[in-house]
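Structure record follows, encoded as structure tokens.
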Amino acid sequence: MSENSPVDAMRRAIDTAREGALAKIMAAQDSASLRDLGIELSRKTSGLVALKGEMGKLSSTADKRAVGQYLNNATTEIAAALAARTTEFADQELLRRVENERIDLSELLTTRRRGHSHIVTQATQRLEDVFVGLGFQVAEGPEVETDFYNFEALNMPRSHPSRSEFDTMFLEFGEPGSTLLRTHMSPVQIRVMKTWKPPIYAIMPGRAFRRDTPDATHMPVFHQIEGLVVDRGITFAHLAGTIEAFTKAFFDSEFTSRLRPSYFPFTEPSAEFDIRTPDGDWIELGGCGMVHPNVLISGGIDPEEFSGFAFGFGIDRMAKERHKVDDIREMYTNDLRFLRQF
Ligand code: DAH
Numbered sequence: 052m053s054e055n056s057p058v059d060a061m062r063r064a065i066d067t068a069r070e071g072a073l074a075k076i077m078a079a080q081d082s083a084s085l086r087d088l089g090i091e092l093s094r095k096t097s098g099l100v101a102l103k104g105e106m107g108k109l110s111s112t113a114d115k116r117a118v119g120q121y122l123n124n125a126t127t128e129i130a131a132a133l134a135a136r137t138t139e140f141a142d143q144e145l146l147r148r149v150e151n152e153r154i155d156l157s158e159l160l161t162t163r164r165r166g167h168s169h170i171v172t173q174a175t176q177r178l179e180d181v182f183v184g185l186g187f188q189v190a191e192g193p194e195v196e197t198d199f200y201n202f203e204a205l206n207m208p209r210s211h212p213s214r215s216e217f218d219t220m221f222l223e224f225g226e227p228g229s230t231l232l233r234t235h236m237s238p239v240q241i242r243v244m245k246t247w248k249p250p251i252y253a254i255m256p257g258r259a260f261r262r263d264t265p266d267a268t269h270m271p272v273f274h275q276i277e278g279l280v281v282d283r284g285i286t287f288a289h290l291a292g293t294i295e296a297f298t299k300a301f302f303d304s305e306f307t308s309r310l311r312p313s314y315f316p317f318t319e320p321s322a323e324f325d326i327r328t329p330d331g332d333w334i335e336l337g338g339c340g341m342v343h344p345n346v347l348i349s350g351g352i353d354p355e356e357f358s359g360f361a362f363g364f365g366i367d368r369m370a371k372e373r374h375k376v377d378d379i380r381e382m383y384t385n386d387l388r389f390l391r392q393f
């Protein structure tokens with residue numbers, strides 16, 4: 052076939068169109084212009100597409116086949132180049148975006164500070180450890196209580212004057228005054244008595260709520276731990292001995308405890324207990340006493356067969372004393388500069 056045969060002429064035209072298209076593809080600067088170029092190259096008037104239309108001018112079938120194949124190869128080559136360049140741009144753009152959206156977290160890495168439990172959680176866990184060591188089991192109850200568990204079952208009927216000492220937060224649920232946020236942990240005593248069988252040696256730590264204005268020694272949400280023992284032949288001596296054993300185990304063997312006569316509706320006799328620091332200071336800790344027969348009956352326990360003692364005190368107060376915190380509110384402001392000290 053001579054240099055100037057129609058087939059050669061077509062091949063040269065195809066080469067030119069192919070090289071032109073490839074050069075444009077390589078010259079494209081971004082994926083948008085590449086997309087436009089793809090559209091342009093597929094138009095009827097563009098080089099290779101137009102040449103396809105000219106195939107009809109070739110006379111022999113052999114020529115048509117030869118040129119057709121040449122044209123197809125060129126088209127495939129251009130499509131591949133277009134695809135490769137598109138991927139290249141997509142990769143580059145992804146890299147650029149990742150780079151732009153990068154957040155520098157190295158500050159966290161360099162300080163390498165580990166978190167730890169809040170001081171009230173630490174105090175609760177230590178209290179649990181000490182009482183579990185003395186043979187107690189840990190019990191829980193709901194924060195939303197009924198009048199029955201919070202008052203009635205604890206020997207405080209509707210008219211009882213002691214009720215007013217608990218600045219109760221009531222919930223708008225059921226009968227007015229029937230549902231409340233527990234004002235102390237004592238209602239859990241009743242729940243434990245109703246579900247466990249004596250002998251009962253239980254502690255009940257948790258959150259309690261009162262309508263108190265926050266100040267240096269009060270918070271409307273605070274933590275208490277309640278203790279309950281119900282068994283045969285339990286006396287006041289067991290109560291005093293347990294408080295003393297707890298004091299020494301929790302604080303130090305140098306600490307001692309004392310009980311002062313007091314009044315609580317749910318215990319009879321009742322006492323308040325203080326602990327004495329090695330310096331001779333007395334710190335008021337909580338209340339205790341022998342479980343009132345009416346309370347045992349509320350819990351479904353026969354007071355002729357069993358007797359028991361109970362106690363309850365504030366956990367926040369203990370953490371405050373232990374760490375010499377001036378203002379209890381500081382424990383709840385979530386200021387890391389304060390919290391990290393403990
Ligand atoms: N529930 C009492 C309060 O919150 C504390 C208390 C006193 C608990 C005497 C007791 C107890 O179990 O026997 O003020």
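Following the numbering used here from start to finish, the sequence shown increments by one per residue and tops out at 393.
All C-beta atoms, glycine included, are put in the ideal place defined by N, C-alpha and C.
Between the C-alpha atoms of I276 and H169 there is a straight-line separation of about 17 Å. The secondary-structure analysis by DSSP pairs E196 across a beta bridge with L231. Counting of Cβ neighbours within 10 angstroms places E323 among the buried residues, the total reaching 16 or more.
Selection E381, V346, L109 evaluated against E319 yields V346 as nearest (Cα-Cα).
Taking a C-beta distance under 7 Å as the contact criterion, V281 and G192 do not qualify as a contact pair. Annotation for G350: I241, M244, K245 place their beta carbon closer than 6 Å to its own, counting only its chain and skipping 5 residues before and after. Between the alpha carbons of T298 and A190 lies a gap of roughly 21 Å. A Cβ-Cβ contact shorter than 7 Å links L85 with T137. Counted as a single uninterrupted DSSP element, the stretch harbouring A267 is not any beta strand (DSSP E), since DSSP gives it neither H nor E. Residue environment: E226 is assigned as exposed (fewer than 16 neighbouring CB atoms within 10 Å of its CB, all protein chains considered). When the beta-carbon positions are compared, F389 and E381 come within less than 7 Å of each other.
Following the DSSP letters along the chain, one finds D325 inside the beta strand (DSSP E) bounded by residues 318-327. A distance criterion of 6 Å places the beta-carbon of T219 beyond contact range of ligand 1, judged by its closest non-hydrogen atom.
Boundaries of the beta strand (DSSP E) harbouring Y314: 307-315, taken from the DSSP string. For T298, the distance from the CB to the nearest heavy atom of ligand 1 is not below 6 Å.
Residue range 251-260 is occupied by the beta strand (DSSP E) that includes Y252.
In this structure, the beta-carbon distance from N206 to H343 falls below 7 Å.
In its chain, beyond the 5 residues on either side, V118 have a beta carbon closer than 6 Å to the beta carbon of M61. Secondary structure of V342 (DSSP, three-state): strand. For the 7 Å CB-CB criterion, R69 and A125 form a contact. For M220, the three-state secondary structure derived from DSSP is strand.
Assignment of beta-bridge partners to S358 by DSSP yields D282. Your pair H274 and P256 checks out as a contact, with CB atoms roughly 7 Å apart and the cut at 8 Å. In terms of Cβ geometry, F317 and I254 do not form a close pair [threshold 7 Å].
Check the Cα spacing between F217 and each of F315, K108, R153, T328: the tightest is with F315.
Distance from the CA of L222 to the CA of E194, rounded to the nearest whole angstrom, comes to 12 Å.
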